[in-house]
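Visitor:
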Amino acid sequence: MNRIFVPLQNPEEIKSLRCGQEVLVSGKLFVARDAAHKRIFEMIKEGREIPIDFKNGAIYYMGPCPEKPGEIIGPCGPTTAGRMDVFTPMMLELGIKVLIGKGKRNEAVKEAIKKHGSIYLATFGGAAVLIQSCVKSQRIVMFEDLGAEAIREIEVESLPCIVAIDSQGEDIYEIGPRKYAQDFRKS
C-alpha cells in the first residue's frame, strides 16, 4: 500500500501514484467545503491576503458532525467534491497538491490537476466513523463563524483513499465503468 505524508516535502512524489491505487494519507489536512471556498475566492477577488499557507498541502472536503464528550472530532465522512469544482483551480493555484473527497470532478478540474501536478483522492462515503478514527487532532484555523464549514486543520494517520484522478488526468470515474462494461461483455 502506498503512503503519502502531507504537507508534501517533495511534491514530485505524487506523480508516481496512478489512478486506482490505494493510498494511506497521514499528516495535516485542511478541511473546507463550499462556504469556505467561496470566502477565499472573495478574499482573492478583493485583493486581501489569505492567512493560510496552502503550499504542498492537502484539502479534505468534509464537514464534521458534532463530537461527543471525549472525542477529538465527530464522524467525518467526505462530501461530494464536485460542489467545489468552480473553486478548485483557484485552490491549486494557491498551492494545494492533494484533494480528497468523493465523486466525479469536471473537465476544468482535471485539466487544473494535470497543470499543477496534483492528485484527487477519493475516500469512502458511508465510512464517517472509520475516518473519524484516523483523526488525531483538529483545530479551526479560519472562518469560525461558519461552524461545521469553518476551515479546520486536522491531523490524520492512515486515512484510506484511492487515487481517483492522477497527475496525468487519468480518472477512475471514467476508467472504472469502461473496464466493468468490458469485463461484463466477456462473461
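Mind the numbering: the sequence shown is residues 4 to 190 in this note's numbering, read in order. Ideal Cβ positions, reconstructed from N, Cα and C, are used throughout, including at glycine. Every value quoted in this text rests on a predicted model; they were computed, and no experiment measured them.
Helix, strand or coil for Arg155? Go by DSSP, reduced to three states.
Guide: It is a strand residue.
Visitor: Would you tell me roughly how many angstroms separate the C-alpha atoms of Lys105 and Ala84, rounded to the nearest one?
Guide: The straight-line gap from Cα to Cα measures roughly 6 angstroms.
Visitor: Between which two residues does the alpha helix (DSSP H) harbouring Glu45 extend?
Guide: Segment 37-48, the alpha helix (DSSP H) holding Glu45.
Visitor: Among all the DSSP beta bridges, which residues are the ones paired with Cys68?
Guide: Bridge partners of Cys68: none, in fact.
Visitor: Which value, in whole angstroms, describes the spacing of the CA atoms of Val26 and Glu147?
Guide: For Val26 and Glu147, the distance between alpha carbons rounds to 31 angstroms.
Visitor: Taking Cβ to Cβ, would you say Lys139 is nearer than 7 angstroms to Glu156?
Guide: No, they are not a contact pair.
Visitor: What are the start and end residues of each continuous beta strand (DSSP E) run of 3 or more residues lying completely inside the region 70-106, in chain order?
Guide: List check, beta strand (DSSP E) in window: 101-104.
Visitor: DSSP on Ile165, reduced to helix/strand/coil?
Guide: Ile165 falls in the strand class under three-state DSSP.
Visitor: Measure how close the beta-carbons of Ile55 and Met145 come, nearest whole angstrom, since I'm counting them as under 8 angstroms.
Guide: The Cβ separation is near 6 angstroms, so the contact holds.
Visitor: Quickly, what does DSSP pair Glu25 with across the bridge? List them, please.
Guide: DSSP lists Ile165 as partners of Glu25.
Visitor: Tell me whether Ala38, by its Cβ, gets closer than 6 angstroms to a heavy atom of the ligand NAP.
Guide: As presented, the structure is devoid of all ligands, the ligand NAP included, so that no description of it is given.
Visitor: Please determine, among Gly77, Phe57, Ile178, Ala131, the residue with the shortest C-alpha to C-alpha distance to Thr91.
Guide: Closest by alpha carbon: Phe57.
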